[in-house]
Every structure is written in structure tokens, then in C-alpha cells.
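Notes follow the structure.
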């Protein structure tokens, strides 16, 4: 039996994982949500912003990472909209501006005025160099926005010349350039608070920046998004996804346990067979 | 001269960027901005160059017509040029452009990324074995973190999130911080090697 289990067709494992993810999404269990301190800190940072102040929201991810970050981005945008904050969107990934359009369209900003309440400045090539360049002169780096309007003429850009003129930078991040680049070029030299929504795999790498105070809050993946939604008193993709994540984690742990039982069973069977 | 001039240029630009980071004199800041502009322009040109290179490689595959490669390469060139033309002619915020991005590119790439979850589950079943004490510690930490990060973990045992947070904030943080400081010192050392002309591998050929 152990040999049979050891050679289990991987498609069975795929099917089990698929079911563990899809069933709780279709029939939610309602396991509840816990809010991490880093998520609470970001929520409080946004709460403390004065209405009318400006925030940079940089979409530094590809569609691969966006699936995990969409719920966090939506929760953040809804909060910024509720607070009456101007959002200056940009991207240092080539897919960033298009994803930003999707994110604005899926949030409360779709009912706000483009150019006045929010703006999408587009993509700037050059990774960390581009962030450094933009930080010194935003209208000079993006003379026209993503829709072809002259950036300095947009009401949302009033009083904004460099990154020092914004109250907060939020990077929706899944790779490089991401949090360390923003901290190096904007956070530390200019004293602008940096916050992030980040994919789960990068959370351990970002913990030192949180602990040192170089990050003013973090939404760690879907778990953070669920916490953020719960702080806002809303229910979105984050909260809906937590049941699926709970059951899938349990399933993977059960598979690891079964794998080890099979391993020990096969090993003891082999040693017994060897002894005969 | 073929080597001395680039090394001298790298030295001058590097020193300018370092000095402009620490001093806020207007001419220095302007000079640094100009250099950063060049960096942005070169990066944008590199994207164009990469597109030309991609077309060359795939055009060759189409001409060769081997197996099904020509079909995949043809689809790549067709979609690349088609979407680029659509973006240039109608603008990147045009409905049709955004539709193809949202309906094809986003789900396609997200699916590929999401599939790793299935591979990880299969690999964990086959390879995550308690062969020795190190593997046992790793497995136990992973299990506690996985359960500590989801609501069901807290329902099973209220201490899972507490132990998970401790693992992240003490052993993980110590290791990560050590790596970050090490990488930072390494970055300074390799930067100095480039500035002083000791490291020349960026010029091509050997570094000596």
C-alpha cells in the first residue's frame, strides 16, 4: 500500500488542492479574520492623512503577482478614496500602468474625477534609477500622463513637484524595483513614509524594514488584505479568500504528513525486506 | 584608451552620484538629474533593442519551420506587433487595448503564477521528508507558520499565531538583517571596485 501511495499520480494531488481552494470560495465557512500589527499600522497611517493630501501609489508588479495583491490594492484605494486623498499613480514595471487602470476601475475611485482626485502617470523605464529621477522632479519625469494629458496642468498635481511633496508612498510590490529601492531613493534620503502591499513570498525579507521603522505599514498578501477590509468594516476578495487559504494550508500540511507516513512505511518495509 | 576611457567615465559618474546623494548644492543636483535622465533614456532604448532581438530570433524560427515552433513564434510576433500597434494608434487607455490586457494577458500570467501552488503541493508531498533533525525543525517551523498565518490555525490552537509571529520576528529577522547588512557591505565593496577600475567585467571580457 505504501508503494502505491508513494507513486500517487500527481494529478490526484492537483485535484485535492483544487477542491480545497474552490469549495470554500463557493461555500464560505466564515472562519473570521485576524489583523496583523503591520496592517493596523498602515491603516492608522492612512487614517492620519489630511483630506486633500497626495499619496503616490506605485504599481510595481506584473499580472502574476497582481492576483495576490489585487484585494490589498482595492482595500487601500477604497480607504484613500474615503479619506479624500489625491492618488498619484505610476509604475516602474511596464505592466504597472495598465494594472493601475484595472485597480482604479475596481475601486471607489471609479466614481471620482480623473485628473482631480486621481491620476495615472504611466511607466518610467530604468528601475531604481527611474525612481531616483522621478523623486527629484515628478512632472519633469512624466511630462504627460498615461492618457496623454499634460501632467503639470492636472489639478491632482497641484503643489506636487518632487516626492517630498507627498504625504505617503505606497508600493504594490512583487519584485524589483520594490520596497528596498523606494526606501533607498525616497524613504531614507527624503524622509517620506513608505508603505507596501506585498506578495507572501517577500514578507520575511521585508520584516527588517518594518521593525526598523523604514516601513510605515504593510499589507502582507491576501491575509493582510482581509485584515485591512475588516478594519474598514467591508468585505471583499481578501476576506472571501481567507477560508480558501485556511483549507488549502491544512490540505498541504495533511499531504506533507501523509508523505512522511508513506516515507517511513516504505523505509521500514524495505528494512524488513532486507532482513529476510 | 578603449578601456581607460570607460573606466574614467564610470569613476566620474559614480563619484558625482555619491556626492550628490550627500550634498544638496543646486549644480550637483542638476548634474545628477541629467545623468539619471540618461539612465532612463538608455533603459527605454534597451526595451526597444530587446523587442528587435525578440523579433529576429522568432522570425528565424518561423523561416526554419521546424515542428510547431513556427506557430508559437508566429503567435508571439503577431500578438506583440498587434498589441503594440493598437497601443500606439489608439492609445494605451483605449477600451480595446485594456480589454486584451485584462482578458488575456492578466489571466494568462496569473494562471501560470498560480500553477506553482499545485507544483509546490505535489513537491511537498514527495520531497518534504523528516530525514534528520534539521529537516524536522524546518518542517515544524513551516507547519506552525502556515497555521499561524490563517484563521483556522488560531481556531485549532490560539498559540499558533503567537509562535508564528515569534518565528518571523526573532529567528527570521535576525537572519534577514544579517543578510541585508552583508549584502549592503558587499554592495559598497563592489561599487568601490568598479569606481577604482579594479572590476572591469561590465566592459566585457575578463575582469582583470
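Chains as they are written, first to last, in my numbering: chain A, 281 to 556; chain B, 4 to 211. We put the CB at the ideal spot given by N, CA and C, even for glycine.
Start and end of the alpha helix (DSSP H) containing residue i?
i: residue 168 of chain B; result: 162-170
i: residue 448 of chain A; result: Not the alpha helix (DSSP H): residue 448 of chain A falls in the beta strand (DSSP E), residues 448-453.
i: residue 510 of chain A; result: 501-512
i: residue 79 of chain B; result: 72-93
i: residue 379 of chain A; result: 376-385
i: residue 360 of chain A; result: 343-363
i: residue 184 of chain B; result: 176-198
i: residue 145 of chain B; result: 136-151
Measuring alpha carbon to alpha carbon, tell me which of the options ends up nearest residue i.
i: residue 197 of chain B; options: B:8, B:17 and B:4; result: B:17
i: residue 127 of chain B; options: A:365, A:539, A:407 and A:457; result: A:539
i: residue 352 of chain A; options: A:524, A:512 and A:506; result: A:506
i: residue 64 of chain B; options: B:79, B:50 and B:139; result: B:79
i: residue 333 of chain A; options: A:398, A:361 and A:365; result: A:365
i: residue 533 of chain A; options: B:11, B:47, B:130 and B:31; result: B:130
i: residue 37 of chain B; options: A:504, A:410 and A:479; result: A:410
i: residue 174 of chain B; options: B:20, B:70, B:123 and B:148; result: B:148
i: residue 422 of chain A; options: B:82, B:30, B:110 and B:44; result: B:44
i: residue 399 of chain A; options: A:388, A:412, A:437 and A:548; result: A:437
i: residue 493 of chain A; options: A:501, A:479, A:468 and A:503; result: A:468
i: residue 461 of chain A; options: A:486, A:509, A:500 and A:427; result: A:486
i: residue 442 of chain A; options: A:335, A:310, A:547 and A:523; result: A:335
i: residue 516 of chain A; options: A:541, A:358, A:545 and A:300; result: A:358
i: residue 51 of chain B; options: B:203, B:84 and B:123; result: B:84
i: residue 119 of chain B; options: A:439, A:355, A:394 and A:345; result: A:345
i: residue 26 of chain B; options: A:368, A:284, A:470 and A:530; result: A:470
i: residue 87 of chain B; options: B:75, B:101 and B:76; result: B:101
i: residue 477 of chain A; options: A:317, A:368, A:530 and A:348; result: A:348
i: residue 481 of chain A; options: A:455, A:551, A:464 and A:543; result: A:455
i: residue 114 of chain B; options: A:514, A:343 and A:535; result: A:343
i: residue 292 of chain A; options: A:445, A:432, A:391 and A:531; result: A:531
i: residue 413 of chain A; options: B:33, B:11, B:29 and B:8; result: B:33
i: residue 62 of chain B; options: B:192, B:136 and B:81; result: B:81
i: residue 287 of chain A; options: A:388, A:546 and A:551; result: A:546
i: residue 57 of chain B; options: B:68, B:77 and B:41; result: B:77
Just to check my reading of the structure: residue i and residue j have Cβ atoms closer than 8 Å, yes? What is that Cβ distance to the nearest angstrom?
i: residue 341 of chain A; j: residue 379 of chain A; result: 7 Å
i: residue 402 of chain A; j: residue 377 of chain A; result: 5 Å
i: residue 325 of chain A; j: residue 496 of chain A; result: 5 Å
i: residue 474 of chain A; j: residue 449 of chain A; result: 5 Å
i: residue 385 of chain A; j: residue 339 of chain A; result: Actually they are not in contact, since the Cβ atoms of residue 385 of chain A and residue 339 of chain A sit about 13 Å apart, beyond 8 Å.
i: residue 363 of chain A; j: residue 322 of chain A; result: Contact doesn't hold; Cβ gap of about 13 Å is too wide.
i: residue 458 of chain A; j: residue 282 of chain A; result: Contact doesn't hold; Cβ gap of about 45 Å is too wide.
i: residue 518 of chain A; j: residue 502 of chain A; result: 5 Å
i: residue 508 of chain A; j: residue 319 of chain A; result: 6 Å
i: residue 294 of chain A; j: residue 121 of chain B; result: 5 Å
i: residue 99 of chain B; j: residue 89 of chain B; result: 6 Å
i: residue 408 of chain A; j: residue 465 of chain A; result: 6 Å
i: residue 105 of chain B; j: residue 382 of chain A; result: 6 Å
i: residue 22 of chain B; j: residue 8 of chain B; result: Going by Cβ atoms, the distance from residue 22 of chain B to residue 8 of chain B rounds to 21 Å, so no, they are not a contact pair.
Taking the continuous beta strand (DSSP E) assigned at residue i, which residues delimit it?
i: residue 366 of chain A; result: 366-371
i: residue 475 of chain A; result: 474-478
i: residue 466 of chain A; result: That residue, residue 466 of chain A, is in no beta strand (DSSP E); it is neither H nor E in DSSP.
i: residue 398 of chain A; result: 398-403
i: residue 60 of chain B; result: Per DSSP, residue 60 of chain B belongs to no beta strand (DSSP E); it is in the alpha helix (DSSP H), 29-67.
i: residue 10 of chain B; result: Here residue 10 of chain B belongs to no beta strand (DSSP E); instead the alpha helix (DSSP H) covers 7-25.
Kindly list, in the order they appear in chain A, the residues whose Cβ is closer than 8 Å to that of residue i.
i: residue 24 of chain B; result: 469
i: residue 127 of chain B; result: 532, 535, 536 and 539
i: residue 175 of chain B; result: 484 and 487
In chain A, which residues lie with their C-beta within 7 Å of the C-beta of residue i?
i: residue 157 of chain B; result: 314
i: residue 13 of chain B; result: Result: empty, since nearest Cβ-Cβ is about 15 Å, beyond 7 Å.
i: residue 124 of chain B; result: 293, 297, 532 and 535
Kindly list, in the order they appear in chain B, the residues whose Cβ is closer than 9 Å to that of residue i.
i: residue 416 of chain A; result: 32, 35, 36 and 39
i: residue 485 of chain A; result: 179, 182 and 183
i: residue 378 of chain A; result: 95, 96, 100, 101, 104, 105, 108 and 109
What does residue i reach in chain B if we use C-beta pairs closer than 8 Å?
i: residue 452 of chain A; result: Going along chain B, no residue has its Cβ under 8 Å from residue 452 of chain A, so there is no contact; the nearest lies around 14 Å.
i: residue 529 of chain A; result: 149, 150, 152, 153, 155 and 156
Residue i versus chain A: which residues are under 9 Å apart at the beta carbon?
i: residue 162 of chain B; result: Correct list: empty, because the minimum Cβ distance to chain A is about 13 Å.
i: residue 121 of chain B; result: 290, 293, 294, 297 and 298
i: residue 171 of chain B; result: 483, 484 and 487
Anything in chain B within Cβ reach of residue i, meaning under 7 Å, just list it in chain order.
i: residue 343 of chain A; result: 108, 109, 112 and 113
i: residue 427 of chain A; result: 96
i: residue 347 of chain A; result: 113, 116 and 117
* Asked: Residues in the region 131-153 of chain B with C-beta within 9 Å of chain A's C-beta atoms, listed in sequence order?
  -> When CB distances to chain A are screened at a threshold of 9 Å, the residues of the region 131-153 of chain B falling below it are 131, 132, 133, 134, 142, 145, 146, 149, 150, 152 and 153, in chain order.
* Output, in sequence order along the chain, the residues in the region 492-525 of chain A whose CB is closer than 7 Å to any CB in chain B. => Those would be 503, 522 and 525, in chain order.
* Asked: Between the region 381-399 of chain A and chain B, which residues of the former have CB atoms less than 9 Å from a CB of the latter, in chain order?
  -> Result list: 381, 382 and 385.
* For the region 93-109 of chain B, which residues have a beta carbon sitting closer than 9 Å to at least one beta carbon of chain A? -> Of all residues in the region 93-109 of chain B, only 94, 95, 96, 100, 101, 104, 105, 108 and 109 come within less than 9 Å of chain A when Cβ atoms are compared, listed by chain position.
* Contact list for the region 40-54 of chain B against chain A, Cβ threshold 8 Å -> Answer in chain order: 40, 42, 43, 45, 46, 47, 49 and 50.
* **Cβ-based contacts, 7 Å cut-off: residues of the region 284-300 of chain A near chain B** => Within the region 284-300 of chain A, the residues whose Cβ lies closer than 7 Å to some Cβ of chain B are 290, 293, 294 and 297, listed in chain order.
* Asked: Just by C-beta distance, which residues in the region 68-94 of chain B are closer than 8 Å to chain A?
  -> Here the close residues are 94.
* Contact list for the region 404-415 of chain A against chain B, Cβ threshold 8 Å -> Cβ contacts with chain B come from 404, 405, 406, 407, 409, 410, 412 and 413.
* Quick one, which residues of the region 311-340 of chain A are near chain B if we go by CB-CB under 9 Å, in chain order? -> Sequence-ordered contacts of the region 311-340 of chain A with chain B read 311, 312, 313, 314, 316 and 317 [C-beta pairs closer than 9 Å].
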